[in-house]
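Below is one structure, written out as structure tokens; comments come after it.
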Amino acid sequence: MDGESLFRDVVDKYSRHINPQLAKLMSFAGFGVEVRAEGCMIYDHEGRGFIDCLGGYGTFILGHRHPAVVQAVKDQLDQIALSGKAFFSAPAADLAARLAEVTPDGLEYSFFNNSGAEAVEAALKFARSSTGRTKFVSTYGSYHGKTMGALSVTGREKYQKPFAPLLDGVTFVPFGDFDALSAALDTETAAFIVEPVQGEGGIIVPPDGYLQHAREATAKVGALLIADEVQSGLGRTGRNFAVEWEGVSPDLMCLAKGMGGGVMPLGATIGTAQIFNRVFGTNPIAHSSTFGGNPLACAAGLAGLNVLIEQNLASRSECYGTYMMSKFEAIAAKYPEMISEVRGRGLMIGLEFSMDEVGELVVAQFMKRGVCVAYALNNPRVLRFEPPLIIEQEQIDHVCTALDESLAETTELLADLV
Ligand SMILES: *Cc1c(COP(=O)(O)O)cnc(C)c1O
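Here it is as structure tokens:
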């Protein structure tokens with residue numbers, strides 16, 4: 001099938017059998033069919049290459065199809081792919097042990113699942129069962145996933161409303177507000193769940209000391225601190241885990257997205273020995289998952305984690321993040337009416353527009369110039385840039401040139417409109 005026929009066939013099937021509204025939205029935005037990917041690049045049905053700055057919402061820490069991860073999965077595939085579930089599984093054991101070494105102090109046990117939402121579900125259940133309390137505190141603008149429990153602590157009404165009623169006893173506080181957090185916590189709170197840097201909320205870095213405050217304030221009332229590092233973890237912000245910016249050890253940490261090395265779906269809920277003993281003490285299968293911790297995913301996860309640590313990609317993220325952000329700031333200064341802020345940490349960068357609907361136009365301009373970007377789910381005014389941490393300086397420079405040209409052309413388009 002030639003490229004154009006493939007495109008029409010896929011969009012037609014999406015319209016008739018997947019999601020017609022989504023098909024319309026994506027074709028309108030100019031997205032083609034992804035056919036192949038490698039490193040920082042995705043290639044579409046016309047053979048056009050795009051630098052992947054969306055990166056599967058931050059999944060491609062190591063880029064697409066990192067050779068070490070692909071090899072580990074191929075080797076595993078020749079042995080055993082999915083678990084029979086009656087036997088011990090070596091890849092899960094090896095990955096859990098490695099995670100205990102690299103995660104913050106006290107986090108010793110891993111429960112493996114298949115996605116971010118599942119990692120959050122498990123964390124919420126573990127918090128309830130280990131504390132014997134039911135209430136949760138979360139933050140406005142947060143994104144924790146779309147299953148019922150995860151959605152209940154996601155701070156965006158638009159996603160919650162059609163599915164109400166959700167979990168009872170969830171209170172939302174403004175992200176970064178010390179006093180509001182203290183006031184919301186009490187001795188009935190099971191946990192405070194927070195992203196160390198809000199992703200879908202629009203790449204929002206909290207004020208210094210916020211995570212430490214969260215650590216102290218939760219401990220004071222005997223509540224748990226759940227760090228949702230699904231997007232911010234694994235080197236993304238310039239530290240292996242974003243809580244490390246403040247030297248904070250949470251009680252539970254959620255990982256997914258990049259956890260499977262950019263090759264397999266994999267999530268993990270990592271916690272202290274005390275929590276796991278309480279949750280599983282009387283029933284070792286109090287929480288379980290058929291595919292969670294499967295050999296293929298864990299082999300990918302371990303290979304990916306080893307690359308991350310051995311190549312010190314977190315510091316590469318910090319260094320290139322600083323470089324990219326300073327170039328962005330210089331460009332943004334040329335378009336003061338259009339851009340209100342550039343912010344972020346490491347290679348987790350947000351560009352905020354001062355008007356609605358400009359984001360969509362700029363995304364289309366970027367696509368035209370071979371750069372794939374998108375706006376944040378909870379905040380359409382913010383374009384987020386989360387390229388693979390292996391991105392090269394020339395590729396960053398290409399993205400910056402594309403930004404400058406995209407803003408210039410969008411400015412012209414808007415001027416023509418008025
Ligand atoms: C994406 C995301 C989730 C949900 O992950 P899924 O794999 O899409 O279910 C949860 N928390 C954060 C911080 C995320 O960015």
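Take the sequence shown: its position 91, counting from 1, is numbered 91 in this note's numbering, and each next residue is one higher. Just so it is clear, CB atoms sit at the ideal spot from N, CA and C, and this is done for glycine as well.
Discussion item. Looking at the secondary structure, which residues open and close the beta strand (DSSP E) in which V35 lies?
Written reply: Working through the sequence shown from its first residue, we reach residue 35 at position 35. Run containing V35: E34 to E38, per the beta strand (DSSP E) assignment.
Worksheet item: How would you call E118, buried or exposed, if buried means at least 16 neighbouring beta carbons within 10 angstroms?
Response: The count along the sequence shown starts at 1 and reaches residue 118 at position 118. Under this definition E118 is a buried residue.
Fill in: Bounding residues of the beta strand (DSSP E) (the contiguous stretch that carries A191)
Residue 191 sits at position 191 when you count from the first residue of the sequence shown. Note, A191: beta strand (DSSP E), T189 to V194.
Worksheet item: Assuming A297 contacts G260 under a Cβ cut-off of 8 Å, what Cβ separation, rounded to an integer in Å, is found between them?
Response: Sequence index remark: in the sequence shown, residue 297 carries index 297 (1-based). Sequence index remark: in the sequence shown, residue 260 carries index 260 (1-based). Sure, about 5 Å apart at Cβ, within 8 Å.
Worksheet item: Since V363 and C53 are thought to touch, with beta carbons under 8 Å apart, how far apart are those beta carbons, to the nearest angstrom?
Response: Here residue 363 refers to the residue found at position 363 of the sequence shown. Here residue 53 refers to the residue found at position 53 of the sequence shown. Incorrect: roughly 11 Å between the Cβ atoms, too far for contact.
Worksheet item: Under a Cβ-count criterion, where at least 16 other Cβ atoms within 10 Å of its own Cβ denotes burial, should I51 be classed as buried or exposed?
Response: Along the sequence shown, read from residue 1 onward, the residue named residue 51 stands at position 51. So I51 counts as buried.
Discussion item. For N114 and G292, which I take to be in contact (beta-carbon distance under 8 Å), what is that distance rounded to the nearest angstrom?
Written reply: Your numbering for residue 114 matches position 114 in the sequence shown. Your numbering for residue 292 matches position 292 in the sequence shown. The pair is a contact, with the Cβ atoms about 6 Å apart (cut-off 8 Å).
Worksheet item: Thinking C-alpha only, which one of K13, E4, A286 and M41 is nearest M367?
Response: One-based indexing of the sequence shown puts residue 367 at position 367. The shortest Cα separation from M367 among K13, E4, A286 and M41 belongs to M41.
Item to complete: State yes or no: is the C-beta of V382 within less than 9 Å of the C-beta of L351?
Response: Reading the sequence shown from its first residue, position 382 is the one you call residue 382. Reading the sequence shown from its first residue, position 351 is the one you call residue 351. Yes.
Discussion item. Nearer than 8 Å: is that true of the beta carbon of Q231 relative to any heavy atom of ligand 1?
Written reply: Taking the first residue of the sequence shown as 1, we reach residue 231 at position 231. Yes.
Worksheet item: How would you write the range of the beta strand (DSSP E) that T269 sits in, first residue to last?
Response: By 1-based counting over the sequence shown, the position of residue 269 is 269. Note, T269: beta strand (DSSP E), G267 to G271.
Fill in: Residues that DSSP places opposite I204 in a beta bridge
One-based indexing of the sequence shown puts residue 204 at position 204. Note: I204 sits in a beta bridge opposite Q198.
Item to complete: Using 10 angstroms around the beta-carbon of A96, count the other beta-carbons present and answer buried if the total reaches 16, otherwise exposed.
Response: Here residue 96 corresponds to residue number 96 of the sequence shown, with the count starting at 1. So A96 ends up on the buried side.
Fill in: Identity of the residue in G145, T189, S182 and G116 nearest S129 by Cα
Stepping through the sequence shown from its first residue, residue 129 is reached at position 129. Checking every option, the nearest Cα to that of S129 belongs to T189.
Worksheet item: Nearest-angstrom Cα distance between L361 and E409?
Response: In the sequence shown, residue 361 corresponds to position 361, counting from 1. In the sequence shown, residue 409 corresponds to position 409, counting from 1. Approximately 10 Å between the Cα atoms of the pair.
Worksheet entry | Contact set for I204: own chain, Cβ-Cβ below 8 Å, skip 5 residues either direction | Here residue 204 corresponds to residue number 204 of the sequence shown, with the count starting at 1. Closer than 8 Å at Cβ, skipping near neighbours: G141, F175, G176, V197, Q198, R343 and G350.
Practice prompt. Check N283 in the structure and name its three-state DSSP category.
Written response: Residue numbering aside, residue 283 sits at position 283 when the sequence shown is read from its first letter. Note: N283 maps to coil in three-state DSSP.
Worksheet item: Taking 8 Å as the cut-off, is the CB of Y375 close to at least one heavy atom of ligand 1?
Response: Within the sequence shown, residue 375 is the residue found at index 375, counting from 1. Incorrect: Y375 has no Cβ contact closer than 8 Å to ligand 1.
Discussion item. For the structure I just gave you, are there three or more beta carbon pairs, one from the region 60–70 and one from the region 305–321, closer than 8 Å?
Written reply: yes
Discussion item. According to DSSP, is R345 part of a helix, a strand, or is it coil?
Written reply: Position 345 of the sequence shown holds residue 345. If DSSP states are grouped into helix, strand and coil, R345 belongs with the strands.
Discussion item. Looking at ligand 1, does it come within less than 8 Å of K146, judged from the CB to the closest heavy atom?
Written reply: Translated into the one-based positions of the sequence shown, residue 146 becomes position 146. Answer for K146: yes, Cβ within range of ligand 1.
Discussion item. Please classify F28 as buried or exposed, where buried requires at least 16 other C-beta atoms within 10 Å of its C-beta.
Written reply: As a first step, residue 28 must be located in the sequence shown, where it is residue number 28. Result: exposed.
Item to complete: With DSSP as the reference, please indicate the residues paired to S110 in a beta bridge.
Response: As a first step, residue 110 is located in the sequence shown; it is residue number 110 there, counting from the start. Paired residue(s): I270.
Worksheet item: Quick one: is P284 buried, meaning 16 or more other Cβ sit within 10 Å of its Cβ, or exposed?
Response: Locating residue 284 in the sequence shown gives position 284, where the first residue counts as 1. P284 should be labelled exposed.
Worksheet item: Looking at V230 and H144, is the spacing between their C-beta atoms short of 9 Å?
Response: For the purposes of this step, residue 144 is identified with residue 144 of the sequence shown, where counting begins at 1. For the purposes of this step, residue 230 is identified with residue 230 of the sequence shown, where counting begins at 1. Taking 9 Å as the Cβ cut-off, H144 and V230 qualify as a contacting pair.
Worksheet item: Can we say the region 236–245 touches the region 309–327, given the rule of at least three CB pairs closer than 8 Å?
Response: yes
Fill in: Extent of the continuous alpha helix (DSSP H) run through P91
Numbered from its first residue, the sequence shown carries residue 91 at position 91. Taken as a continuous stretch (DSSP letters only), the alpha helix (DSSP H) holding P91 covers A90 to V102.
Discussion item. Cutting at 7 Å between CB atoms, please list the residues of its own chain near A180, excluding the five before and the five after it.
Written reply: Numbered from 1 along the sequence shown, position 180 holds the residue referred to as residue 180. The answer, listed in chain order, is V173 and P174.
Worksheet item: What residues in its chain sit with their C-beta under 8 Å from that of L302, if we drop five residues either side in the sequence?
Response: The residue given as residue 302 occupies position 302 in the sequence shown. A72, P91, D94, L95 and R98, listed in sequence order.
Discussion item. Considering only heavy atoms of ligand 3, does any lie closer than 8 Å to the CB of G199?
Written reply: The model on display carries ligand 1 but not ligand 3.
Discussion item. Ligand 1 and C400: does any heavy atom of the ligand fall closer than 8 Å to the residue's C-beta?
Written reply: One-based indexing of the sequence shown puts residue 400 at position 400. Not so, every heavy atom of ligand 1 lies at least 8 Å from the Cβ.
Worksheet item: Closer than 9 Å, CB to CB, is F111 near chain B or not?
Response: The question asks about chain B, but that chain is absent: this structure has only one protein chain.
Worksheet item: Does the beta-carbon of E200 have 16 or more other beta-carbons within 10 angstroms, so that it is buried, or is it exposed?
Response: Locating residue 200 in the sequence shown gives position 200, counting from the first residue. Under this definition E200 is a buried residue.
Worksheet item: Under the criterion of a Cβ to heavy atom distance below 8 Å, does C254 qualify as lining ligand 1?
Response: For the purposes of this step, residue 254 is taken as residue 254 along the sequence shown, with counting starting at 1. Result yes, Cβ under 8 Å from ligand 1.
Worksheet item: Tell me, which residues are paired with A376 by DSSP?
Response: Walking along the sequence shown from the start, residue 376 turns up at place 376. Note: A376 sits in a beta bridge opposite N379.
Discussion item. Quick check on this structure: which residue in A330, P388, A376 and A314 has the alpha carbon closest to the alpha carbon of L403?
Written reply: Along the sequence shown, read from residue 1 onward, the residue named residue 403 stands at position 403. That would be A330, whose Cα lies nearest to the Cα of L403.
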